[in-house]
Amino acid sequence: MLKINNLCAKIDSKSILQDFKLEINPGEVHAIMGPNGSGKSTLSNILSGKKGYDVTGEVLFENNDLFSLETEERAHKGIFLAFQYPLEIPGVNTNVFLKTSLNAIKKARGEKELDAIQFLKLVKEKAKELKFDKEKLGRQLNVGFSGGEKKKNEILQMSILNPKLSILDETDSGLDIDALKTVADGVNALRKKNNSFLIITHYQRLLEYIKPDFVHVLMNGKIIKSGGPELALELEKKGYENIN
Amino acid sequence: MEEQLKIDFEKKLKDFSYSDQEKKFKETNFKEFLKQGFPNRKLENWKFSDLNQIIKSNIGELTFYNDYKKENQIDKIELISELEHNKIIIVDGKIEKIDFKFEDKDKIEVLVEQGEETIKENINSLINLNNAFSNKFCKIIIKKNYSLKKPLVIYHSTNKNTQSKNTNSRIDFKLEENACLRLIDIFKENSEKNFLNIYYNFQLDKSSILKNYKIDKSINNNVKYSYNNVKQETNSISETFILSSGSKFFKNEINCDLLGQHSSAFVNGIFDLDEENHHEIKSNINHLVENTKSYQLVKSVLEKKSKAVYQGKIFVNSEAQKTDGYQLSNAILLSENSEFNAKPELEIYADDVKCSHGSSSGSLDENSIFYLMSRGLNYQEAKKLLINGFLLDVIEKITDEEIKNLIKNLLGVKE
Amino acid sequence: MRDKQIEDLKDYKYGFSTDIESFKAPKGLNEDVIKFISNIKKEPKWLLDWRLKAFERLKVLKEPDWQKPKYPKIDYQDLYYYSAPKSFKDKPKSLDELDPKLLETYQKLGIPLNEQKRLNGIAVDAVFDSVSVATTFKETLTKQGIIFCSISEAVQKHPELVKKYLGTVIPLTDHFFATLNSAVFTDGSFVYIPPGVRCPMELSTYFRINASDTGQFERTLIIADKGSYVSYLEGCTAPMRDENQLHAANVELIALDDAEIKYSTVQNWYPGDKDGKGGIYNFVTKRGLCKGKNSKISWTQVETGSAITWKYPSCILKGDNSIGEFYSIAITNNHQKADTGTKMIHLGKNTKSKIISKGISAGFSDMTYRGLVDISPKATNSNNFTQCDSLLMGNKCGAHTVPYIKNKNSDSNIAHEATTSKISEEQLHYCQQRGLNPEEAVGLIVNGFCKEVLQQLPMEFAVEAQKLVGISLEGSVG
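Residue numbers (this note's numbering), protein chains in the order written: chain A, 1109 to 1352; chain B, 85 to 499; chain C, 429 to 906.
Right under this line is the structure:
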């Protein structure tokens, strides 16, 4: 599904990712773990199409060259990024935002757009599953939301947009244990044989609830070690310093 | 007025041995002033303060010529004793004394200027008036990497029998790279009903720092106008603080051109007005290149029939991306006859900027007074305490500790 | 060539002109033209005298030049001051008698004068060039004693009301364009709501300039008598023409004791083409007088059209406890220029005013908020809150904020806040990541930015306005 070959990324001539390689097949859950400044967020930014990086190498998503696609086209193809710091957009109603984006994706895929009633039904259902306060959906997007609510809102958006590849950028940071469980439930509910996940995290805490198929350790812009779920536990014990 | 102006200008030209260049300069400026006269409310900049009217009603007819041969009273000028300082003493617009006794002699240069050949910037008619009638003006250069050890205090004064006169003074400053100057203006006149017109030019080279504190505290019946024209190169900082209080009328105008990246300008002020005083601060901060910053805070406390005006303008041209401009004015009206006028203006042509302004005016918060009185203070004490706190905010913006304390004492503000 | 025309048409969807023969007064501004207008409208002598008095005054007044947008000199002698569709010389008595071409025009504008609007429950008065062509729903309104008709009709049928109130808010001698209007105004709407009546539907006027070289000078007068309420909508369009057309309307609102007037405008005059050629000069004077105690006047405007917009819908808060509000969205793109804002003049005790202004500039355009808040010494315990936000898109445009604040009363409070910003890259990225293209993303964010104002519009208008906000900014995202 996703193939990353020799990806190098620089920002203001400072090298962040070097010769990065990764392949994700349909249905797999990959976790990328690394300390602060290892290049984790850069990876999610580049995959989602954020501007400002000098990039070389190749990224293929279902055999499409990702770099030739605009951010929204990537979203249309099924890439979803749960942001580490979800943005506040004043004045924009959360429901309206969700409906607009869902229909934009549907339209791009040539599917039938949802009308207001169908949409509200869908949102109601998903919000209930995620124990997301319905009242908040009527409020301005992320404005005045707590850290946890913002993250849950990301997962709600994910479950409504139903992407093929979901990238979770430090979704666990700032979450208490109950919120963490809710988020994990949301992700697990979406785990199907065709949906893949890339979970970017600092700690293995989240991985207790979302069992990854593969764990990669990212240090100084490179994957230095890959393995199964046990690698996460090893990391937790030894720390990043001693993993090699 | 025109007759008087012409007679006085002739006298002025005769009195001094001006070079041809100087004469030409003065004549051009004189003609321009004759054409325009004193600014009035028809000019946007003078909408809230009609100087022509103010001069008419407070002074009447002005004369423009000063006979400096008479003995002046320079020794009678009260100097500030709280801090050691260098000084310049200006009496009736004439520089009587320049004393940099605390400084290295080769680090400061004082030049007597001839006057430009043409009028470079046509700012307003008062600058023309100043150029026409000021004496030979001086230029002070602070050499590279030199920070003055003590502040420079400029005393603006008048002779006791100077009445209904216009006096003009001008000083140009150049701060070379990495130089630093603390400049305090003290206004203490010995006479009434005069119009003082003061004009400063500042050239701030790379990384230089100017701190200008203007203190108008002693009560007098004079009308004043002061114009600071500041040009700032890369990394330079200008800090202007204005304590506007004692004069009948005072308009302080600050023009800052931020010409070099990472330069910044701070303009802060306090209007502490009583009786029928009418004061104004007008600022123009021109952000002309990327990455420049400006910050302005003006607070007013207005008693009786006093009137304060704050016109603050932030201009950002299309090249000046990443500009950070902020401006706030708050006023407390203590009497039903006091008045606060503001025109906080933004003119912006670049999109990646952060600019905001705010303005509020109103009475003292009765709930706060009630709260303090419930803790045992009487009304006057409570009011004093609240005003104290209100003003402290601006005073804390003064970066020079010595001067901050001086001003706190002057205002009777305690922490 | 044809392609280009189609392209242009796409830009301004109301840009067709209707091929209707019109009946015009001779070009030029003089006493004869004024007499001609007055005569054709069969006006009483007092009104003609009033017009001529304004014309006398006009001779000494100068065109103002302090506003930010500068425009080439207008030759007032080269304009037509009266233009009426020829078939209207004898005004039709009902909609059925209307020229079908005219009806078609309004259909194209999305303003069907008959069935559909009835369903929506809005009474419409349509002004085509200089004359009011049709007013709907007359019967329903008449039952409640509400007068909603063209001002020409009001002059004939309700002269006492017109005479009593005309020019009481905008005096004859006010300023150049207002005085010009007083001299040559042709038609407009008249509304009178009797005491205690709550107008059961939205009243609406649609203005359209059709004939070329025509100035449009309509005059609207709305009177809400004691304890009444009315909500009034105004919409405007004009065909695309290369030359600039002048629109100088006067709108006067009067609210008596306990009355409330809500006046909403969606202004979408032809803004000129991408290079700034053509478009309407929209120099309008709108002023409301809260004459009685506890009265309220609320202005809401969405300004997206015109080459130059220059207007300050204002409130004079004369009655004690009266309230003035101003909600504004102004969008400029390409070479458009707008200088708009409001004046809140507090004269009575306990008067309150609120100003929310959202300005968006893109392309090469220039936008100025200019406002005055003046609390007089007698207006004790009054307050004002002002919020002006500007959004810039690109660095070829300008956004300016010029508020004048005068507080002469120590028991009154004024608070003013203003910000200038741009749409952040992060916000755009976030929306794009959720599948929106850059233009959709900008539209969404801008609509969010304008929300506080859009909420003030009546439902039917809000939807239209939201779309306009998006359309106006098309092509501005690089």
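Glycine included, every Cβ here is placed at the ideal spot set by N, Cα and C.
Once DSSP output is grouped into helix, strand and coil, what is the label at residue i?
i, result
"residue 893 of chain C", "helix"
"residue 374 of chain B", "coil"
"residue 1255 of chain A", "helix"
"residue 287 of chain B", "strand"
"residue 396 of chain B", "strand"
"residue 1142 of chain A", "coil"
"residue 85 of chain B", "coil"
"residue 916 of chain C", "The displayed coordinates of chain C run from 429 to 906. Any statement about residue 916 of chain C would go beyond what the structure contains."
"residue 812 of chain C", "strand"
"residue 683 of chain C", "strand"
"residue 931 of chain C", "Given a span of 429 to 906 for chain C in the structure shown, any question on residue 931 of chain C remains unanswerable."
"residue 1299 of chain A", "coil"
"residue 1386 of chain A", "For residue 1386 of chain A there is no data in the structure shown, the boundaries of chain A being 1109 and 1352."
"residue 130 of chain B", "helix"
"residue 542 of chain C", "Note that residue 542 of chain C scores 48 on pLDDT, short of 50, meaning its location in the model is unreliable and no value can be drawn from it."
"residue 857 of chain C", "helix"
"residue 488 of chain C", "helix"
"residue 558 of chain C", "Low local confidence applies: a pLDDT of 49 at residue 558 of chain C is under 50, so the model's placement there is unreliable, with the coordinate-based value given in what follows. Note: residue 558 of chain C maps to coil in three-state DSSP."
"residue 647 of chain C", "strand"
"residue 410 of chain B", "strand"
"residue 434 of chain B", "coil"
"residue 476 of chain C", "helix"
By a C-beta neighbour count over all protein chains shown, 10 Å radius and 16 as the cutoff for buried, is residue i buried or exposed?
i, result
"residue 458 of chain B", "exposed"
"residue 795 of chain C", "buried"
"residue 602 of chain C", "buried"
"residue 1329 of chain A", "buried"
"residue 697 of chain C", "buried"
"residue 454 of chain B", "exposed"
"residue 545 of chain C", "Per-residue confidence for residue 545 of chain C stands at a pLDDT of 44, beneath the threshold of 50, marking its modelled position as unreliable; the derived number appears in the next sentence. The residue is buried, with at least 16 neighbouring Cβ atoms inside 10 Å."
"residue 471 of chain C", "buried"
"residue 100 of chain B", "exposed"
"residue 887 of chain C", "exposed"
"residue 626 of chain C", "exposed"
"residue 1164 of chain A", "exposed"
"residue 681 of chain C", "buried"
"residue 1285 of chain A", "exposed"
"residue 862 of chain C", "buried"
"residue 1176 of chain A", "exposed"
Could you tell me the boundaries of the alpha helix (DSSP H) in which residue i lies?
i, result
"residue 876 of chain C", "866-877"
"residue 1339 of chain A", "1338-1346"
"residue 457 of chain B", "450-458"
"residue 569 of chain C", "566-571"
"residue 1233 of chain A", "1224-1237"
"residue 1156 of chain A", "1148-1156"
"residue 104 of chain B", "104-120"
"residue 758 of chain C", "Run containing residue 758 of chain C: none in the alpha helix (DSSP H); it sits in the beta strand (DSSP E), 751-760."
"residue 590 of chain C", "587-593"
"residue 491 of chain B", "485-495"
"residue 607 of chain C", "604-612"
"residue 1185 of chain A", "1179-1185"
Which residue comes first and which comes last in the beta strand (DSSP E) that contains residue i?
i, result
"residue 1209 of chain A", "Counting along the chain, residue 1209 of chain A falls outside any beta strand (DSSP E), though it belongs to the alpha helix (DSSP H) covering 1202-1216."
"residue 472 of chain B", "Counting along the chain, residue 472 of chain B falls outside any beta strand (DSSP E), though it belongs to the alpha helix (DSSP H) covering 463-479."
"residue 166 of chain B", "Per DSSP, residue 166 of chain B belongs to no beta strand (DSSP E) and is neither H nor E."
Assuming residue i and residue j are in contact, meaning their beta carbons sit under 8 Å apart, how far apart are those beta carbons, in whole angstroms?
i, j, result
"residue 366 of chain B", "residue 129 of chain B", "7 Å"
"residue 170 of chain B", "residue 232 of chain B", "7 Å"
"residue 354 of chain B", "residue 383 of chain B", "6 Å"
"residue 662 of chain C", "residue 693 of chain C", "5 Å"
- Query: At what residue ranges does the region 316-385 of chain B contain a whole run of the beta strand (DSSP E), taking only runs of 3 or more?
  - Reply: 321-328, 333-342, 348-357 and 362-371
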